[in-house]
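Student: Here's a structure for you.
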Amino acid sequence: MAPEQASPADSKIVRAAIHPAIGIARVGDSEDEFFLAPEVDSPPPLESLKDATGALKRQAALFRVYGYNAAGAVVAELTGANADIAWTAHVANTKAAWFQFQIALDIPEAENPKLEKTERRNQQISGVDRDGLEIDPGPRSITGKSQSGPQYQFDSGEFMATKVYLGELRTDPVGRLLFLGGRGVSASYDGSPVTTFANNDKWHDDVSDGPVTAEVTIEGDPIPVDPAWVVVAPPNYAPDLKGLRTMYDLLYDANVQAKLLPFPASVSFKQHIYPLLRRFTELQWVNQGIATKFGWGGREHFLDPGYLKRLASPAAENEELRRQIWSTFRSWERDGQSPVPWPPIYGDSMSLPPISPRQHVTLTQTQMELLEKWVEGNFQSDLDLDAEPVDAIEAVPLADQPATLDRASLDFCLADAFHPGCEMTWPVRHLTMYMAPFRLLQREGEEPEITASVLTPALVEASGGPLYGQTPGSISRWMAVPWQTDTASCLYGYRTGIEPPYDPFLPTFWPARVPNQVLTQENYEVVMDESQPLSKRQEAFEERASWLRQLGKTHPEAREKMVTEFGKLGVVEAKPGPSDDKFPATVFVESEDGFEGEVDPRTNLFVLHVPEARDPEVAEQAIADAVDAAPVPNDEVLAGYFPKVDVFGDGAS
C-alpha cells in the first residue's frame with residue numbers, strides 16, 4: 114500500500130528536475146523485450162532476463178520529472194496528467210575516436226614512465242576521416258503518452274560509413290520517458306579480430322551516453338528543468354546483486370568529503386552497516402572464494418542469525434568482534450600490496466605482479482567512518498528483518514522519491530576496479546563533472562576540450578578539460594571497445610605457471626555483474642530434493658561451475674565468442690530455497706544458457722596468465738605448454754595472455 118503523499122504548504126511549482134539524475138540502460142540481444150532499471154533499493158527479484166527465444170533482454174532507463182516549490186520541496190511528480198512534457202535525448206558513441214585505456218590517469222601509477230603513452234585509438238586514421246569513428250545520430254525528441262516508433266530511434270549515426278543503431282525513445286502510459294539502448298552489436302569495419310581487452314582498433318560497439326532534457330509547461334507556463342544523463346552499459350548478469358562498493362557509495366563519499374553533502378547525523382545499523390555486510394555475503398553466489406569464507410556456513414557469514422544478532426547489538430561485549438571486522442577491511446597505508454585484507458577485489462592499478470597498494474580496492478572513506486562509529490557502539494540498533502522492503506517507488510514518500518531514484522540507479526552500478534570498469538569509470542569521481550551532486554554538467558559550445566594526440570594526467574585534469582562539462586558520448590568513451598572483450602577478461606585469481614596464487618578464486622574483478630562461479634540449475638534441483646541424503650545436497654550446494662565454461666579453451670577464443678554469444682550466457686537469478694532450513698531461504702541460480710551441448714562445470718575454472726603468449730608467433734605453443742604444466746587437469750584451465758593483468762606489456766612490474 115502506497116504511503117500518504119503529503120504535499121508542502123506551498124504547492125506552487127517554480128522549477129522541475131529529471132530523476133534519476135543518471136539513468137542506466139543496458140544492452141541485450143533480445144529483439145523486442147526489455148525490463149525496467151531498478152527504482153528502489155530492494156526491488157522484487159526479476160523473473161527472467163531471457164525472452165522466449167533465449168535472447169537477453171535490454172534494461173530500459175525510465176525517467177520521471179518532479180516539480181519543486183521555491184523552498185526546494187517536492188510538490189508533485191509531473192506527468193501527462195498535470196503538465197505538458199516534451200523530452201529530448203542526444204546520445205553518441207565516441208570510443209573509437211577517443212584515447213586508449215592504459216590505466217586510470219588520476220592515480221600516482223599513471224606517472225610511471227614504463228607505461229605506454231595514452232594515445233588516441235585508431236592512429237591509422239587521420240584528418241577529417243576520423244569523423245567516421247564517432248557514432249552520433251543527433252538528438253531525438255518525443256512527447257505524449259505511450260509513444261514509440263522508428264522516428265524515435267537513434268539509428269542514423271555511422272561508424273566508418275556503416276549505420277549503427279544506438280537505441281530509441283518511448284513514453285509510458287502517463288508520459289514518462291523510456292530509453293532503450295543498443296542490442297550488443299559489436300564489429301570491426303574490415304573484419305579484423307579482437308586482440309586485447311580495451312583498445313581494439315577498427316572496432317565499435319553500440320553502448321552510448323548523453324544528456325536527457327525536458328521542456329515542461331504547466332497550464333501554459335514554462336518551468337525550468339534540471340537535465341539528466343543516460344548511460345548505456347553492458348548487461349548485468351547478476352541483476353539482483355550489488356557490489357561491495359557501489360557507484361552511489363563512491364559519488365556520495367566524494368560529495369561528503371567535499372562537504373557538499375552532510376555525513377549522516379546518526380549511524381543506523383539498518384541503513385549504513387547491514388547493507389554492506391549483506392552485499393559482501395551475497396557475493397557468495399558469483400564467486401566460490403567468497404562463498405567459502407563469507408557464504409552460507411562460512412566463517413564470516415554475516416547473515417547467520419546468531420552472528421547477525423551480535424553484529425547488530427551495540428553492547429560492549431561485542432565491541433572486540435566489531436573492531437576485528439572493521440580492522441580487517443583494507444587500509445592502503447597499513448596493508449600495502451597484500452591481497453589478504455578485505456575486500457578481496459582488484460583495484461585501479463591492477464597488474465601482475467603487484468606494483469602498488471592500489472592493486473586492490475578499499476572501501477570509501479565514508480564507509481570506513483560509518484564502520485568506525487559502529488565499532489564504537491555509536492549506532493542505532495534498528496535492524497528489523499521482518500519488515501517488508503519497499504519494493505516500488507510509488508510506496509516511497511513523495512519527498513523522498515527523487516533521491517531514491519538517484520540512488521537506486523547508481524547502487525546497481527559498480528565502483529570497484531576502474532580498469533576500466535563496468536558501467537562508468539574513473540573520471541566520474543571528479544566533482545568538476547557535475548552541476549550538483551549526482552547530476553552531470555553538460556558542456557557549453559562546440560570547441561573540443563582537448564586537441565593533443567597524447568593524453569597525460571596533467572592534460573586530463575586541466576581546467577576546462579575532459580573532467581569538466583560533458584557532451585554526448587563523453588562518459589562511455591573511456592570504456593573498453595568493444596565492451597565484450599573487457600567483460601571476458603575481468604576474471605579472478607590469475608595465476609602464472611605452477612605456483613599457486615593467494616586463492617584460485619580471489620581476488621576478483623566484478624562478480625556482481627560478471628559472475629565467476631555459479632550454482633547450476635542441475636545442482637539446485639539436487640539441493641531442493643529433500644528425499645536426497647543431506648550430504649549429497651550439501652555437495653551439490655557447494656559445487657560451483659565456471660560461468661565462462663562455454664566460451665572455448667583459451668582466452669583469445671573466449672574474447673572472440675563473447676562478442677557474438679554474450680546473450681547466450683546464463684543469468685544468476687533468485688529462487689526459493691528448500692523448506693527444511695538446511696540451506697538459505699533464497700538461493701541464486703544460473704539460468705539455462707543458450708549454448709548447444711553440455712560441458713563439464715569445471716571447464717575454465719582456473720585462470721592461467723601466460724606472459725610468453727604476448728608474442729603471436731609463439732602464443733599457441735606457449736599456451737599449450739603452460740596448460741600441460743598446470744597443477745590441475747587441462748580442461749579446467751582457461752589460459753592465454755591477459756593484457757589486462759600485464760599493464761607494462763612485458764610480463765613484469
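If you read the sequence shown in this note's numbering, its first letter stands for residue 114, the second for the next number, and so on.
Virtual Cβ for every residue (Gly too), placed ideally from N, Cα, C.
(1) Just mark Thr564 as buried or exposed, buried being the case when its beta carbon has 16 or more other beta carbons within 10 Å.
(2) Out of Ala732, Ser254, Asp738, Ser566, which one is the CA nearest neighbour of Ile238?
(3) Please report the distance separating the alpha-carbon of Arg542 from that of Val187.
(4) Which parts of the segment 409-434 are runs of the beta strand (DSSP E), unbroken and 3 residues or longer, counting only runs that do not cross its ends?
(5) Assess, as a yes-or-no matter, whether the segment 699-712 is touched by the segment 682-690 under the definition of 3 or more beta carbon pairs within less than 8 Å.
(6) Using the C-alpha atoms, what's the distance from Gly449 back to Pro470?
(7) Determine the closest residue to Phe292 out of Trp539, Ile135, Glu652, with distance taken between C-alpha atoms.
(8) Evaluate the contact criterion for the segment 397-411 versus the segment 498-508: three or more CB pairs, one atom per stretch, below 8 Å.
(9) Going straight from the alpha carbon of Tyr420 to that of Glu501, what length do you get?
(10) In whole angstroms, what separates the C-alpha of Asp145 from that of Glu489?
(11) Since Lys688 sits in a beta bridge, which residues does DSSP pair it with?
(12) Exposed or buried, which one is Glu281 when buried takes at least 16 other CB atoms within 10 Å?
(13) Going by C-alpha to C-alpha distance, which of Asp353, Val344, Thr326, Val204 sits closest to Ala625?
(14) Taking the runs of the alpha helix (DSSP H) that are 4 residues or longer, which of them lie wholly in the segment 549-593?
(15) Taking the straight line between their C-alpha atoms, what separation do you get for Val723 and Ser426?
(16) Start and end of the beta strand (DSSP E) containing Glu179?
(17) Met360 and Cys603 look like a contact to me (Cβ under 8 Å); what is the Cβ gap, rounded to whole Å?
(18) Flag this pair as yes or no: are the beta carbons of Ile458 and Thr600 separated by less than 8 Å?
(19) Any idea what DSSP makes of Gly323, helix, strand or coil?
(20) To which residues of the same chain is Asp164 closer than 7 Å at the C-beta, ignoring the five residues directly before and after it?
(21) Let me make sure I understand the geometry here. Which of Tyr302, Ile126, Ser155 has the alpha-carbon closest to that of Ala517?
(22) Going along the chain, which residues of its own chain have a beta-carbon closer than 7 Å to the beta-carbon of Val627, five neighbours each way excluded?
(23) So, Pro456 versus Leu357, is the Cβ gap smaller than 8 Å?
(24) Buried or exposed: where does Thr633 fall if 16 or more other Cβ atoms within 10 Å of its Cβ makes it buried?
(25) Count the other C-beta atoms from every protein chain shown that fall within 10 angstroms of the C-beta of Ala658, then say buried if there are 16 or more, exposed otherwise.
(26) Quick one: what's Phe679 bridged to in DSSP?
(27) Out of Leu175, Leu290, Asp285, Lys315, which has the shortest C-alpha to C-alpha gap to Ser299?
(28) What is the DSSP secondary structure of Asp154, reduced to helix, strand or coil?
(29) Using the C-alpha atoms, what's the distance from Thr394 back to Phe708?
(30) Out of Asn312, Gly245, Asp285, Pro337, which one is the CA nearest neighbour of Ala183?
(31) So is Glu560 buried or exposed if we call it buried at 16+ other beta carbons inside 10 Å?
(32) Provide the residue(s) that pair with Gly389 in DSSP beta bridges, ordered along the chain.
(33) Give the single residue among Pro340, Val740, Phe310 whose Cα lies nearest to the Cα of Pro595.
(34) Is it true that the segment 225-245 meets the segment 271-291, where meeting means three or more beta-carbon pairs spaced less than 8 Å apart?
(35) Would you please state the rounded distance, in angstroms, between the beta carbons of Val277 and His317? I believe it to be under 8 Å.
(36) The alpha helix (DSSP H) with Asp448 in it runs from where to where?
Tutor: The answer reads as follows:
(1) Along the sequence shown, read from residue 1 onward, the residue named residue 564 stands at position 451. By the neighbour-count rule (16 or more Cβ atoms within 10 Å), Thr564 is not buried but exposed.
(2) For the purposes of this step, residue 238 is taken as residue 125 along the sequence shown, with counting starting at 1. When only C-alpha atoms are compared, the closest one is Ser566.
(3) In the sequence shown, residue 542 corresponds to position 429, counting from 1. In the sequence shown, residue 187 corresponds to position 74, counting from 1. Roughly 28 Å between the two C-alpha positions.
(4) List check, beta strand (DSSP E) in window: nothing returned.
(5) yes
(6) Residue numbering aside, residue 470 sits at position 357 when the sequence shown is read from its first letter. Residue numbering aside, residue 449 sits at position 336 when the sequence shown is read from its first letter. Using only the alpha carbons, I get a separation of about 5 Å.
(7) As a position in the sequence shown, residue 292 is number 179, starting the count at 1. Closest by alpha carbon: Ile135.
(8) Because the criterion of three Cβ pairs below 8 Å is not met, the segment 397-411 and the segment 498-508 do not touch.
(9) Here residue 420 refers to the residue found at position 307 when the sequence shown is read from its first residue. Here residue 501 refers to the residue found at position 388 when the sequence shown is read from its first residue. Each residue's alpha carbon lies about 22 Å from the other.
(10) Counting from one through the sequence shown, the residue named residue 145 turns up at place 32. Counting from one through the sequence shown, the residue named residue 489 turns up at place 376. Roughly 53 Å between the two C-alpha positions.
(11) Residue numbering aside, residue 688 sits at position 575 when the sequence shown is read from its first letter. Lys688 is bridged by DSSP to Val700.
(12) In the sequence shown, residue 281 corresponds to position 168, counting from 1. Glu281 is buried by the Cβ-count criterion.
(13) Here residue 625 corresponds to residue number 512 of the sequence shown, with the count starting at 1. Comparing Cα positions, the closest option is Asp353.
(14) 570-573
(15) Position 610 of the sequence shown, counted from the start, is the residue given in the question as residue 723. Position 313 of the sequence shown, counted from the start, is the residue given in the question as residue 426. Their Cα atoms are separated by approximately 49 Å.
(16) Here residue 179 is taken as the residue at index 66 of the sequence shown, counted from 1. The sequence shown places Tyr at residue 179, not Glu. Start and end: 171-181.
(17) Stepping through the sequence shown from its first residue, residue 360 is reached at position 247. Stepping through the sequence shown from its first residue, residue 603 is reached at position 490. Taking the Cβ atoms as the reference, Met360 lies roughly 16 Å from Cys603, outside the contact range of under 8 Å.
(18) Against the sequence shown, residue 458 aligns to sequence position 345. Against the sequence shown, residue 600 aligns to sequence position 487. Going by C-beta atoms, Ile458 is not nearer than 8 Å to Thr600.
(19) In the sequence shown, counting from the first residue as 1, residue 323 sits at position 210. Here Gly323 sits in strand by DSSP.
(20) Numbered from its first residue, the sequence shown carries residue 164 at position 51. Same-chain partners within the cutoff: Ser143, Glu146, Lys170.
(21) On the sequence shown, residue 517 is found 404 positions in, with the first residue counted as 1. The displayed chain sequence assigns Thr, not Ala, to residue 517. Taking only the C-alpha atoms, the option nearest Thr517 is Ser155.
(22) As a first step, residue 627 is located in the sequence shown; it is residue number 514 there, counting from the start. Only Tyr350, Thr600, Cys603 meet the Cβ criterion.
(23) Along the sequence shown, one-based indexing puts residue 456 at 343. Along the sequence shown, one-based indexing puts residue 357 at 244. Against a cut-off of 8 Å, the Cβ pair of Leu357 and Pro456 comes out as a contact.
(24) Numbered from its first residue, the sequence shown carries residue 633 at position 520. Buried.
(25) Locating residue 658 in the sequence shown gives position 545, counting from the first residue. Buried, by the Cβ-count rule.
(26) Locating residue 679 in the sequence shown gives position 566, counting from the first residue. The partner list for Phe679 (beta bridge, DSSP) is empty, contrary to what the question assumes.
(27) In the sequence shown, counting from the first residue as 1, residue 299 sits at position 186. Ranking the options by Cα distance to Ser299, first place goes to Lys315.
(28) Position 41 of the sequence shown, counted from the first residue, corresponds to residue 154. Coil, per DSSP.
(29) In the sequence shown, counting from the first residue as 1, residue 708 sits at position 595. In the sequence shown, counting from the first residue as 1, residue 394 sits at position 281. Approximately 30 Å between the Cα atoms of the pair.
(30) Position 70 of the sequence shown, counting from 1, holds the residue named residue 183. Among Asn312, Gly245, Asp285, Pro337, the Cα nearest to that of Ala183 is on Pro337.
(31) On the sequence shown, position 447 is the one that residue 560 refers to. The residue is exposed, with fewer than 16 neighbouring Cβ atoms inside 10 Å.
(32) As a working note, residue 389 is residue 276 in the sequence shown. Before going further, note that residue 389 is Leu rather than Gly in the sequence given. Beta-bridge pairing links Leu389 to no other residue.
(33) Stepping through the sequence shown from its first residue, residue 595 is reached at position 482. Answer by Cα proximity: Phe310.
(34) The segment 225-245 is in contact with the segment 271-291.
(35) Here residue 277 corresponds to residue number 164 of the sequence shown, with the count starting at 1. Here residue 317 corresponds to residue number 204 of the sequence shown, with the count starting at 1. The pair is a contact, with the Cβ atoms about 6 Å apart (cut-off 8 Å).
(36) Within the sequence shown, the letter at position 335 stands for residue 448. Counting along the chain, the alpha helix (DSSP H) containing Asp448 begins and ends at 445-448.
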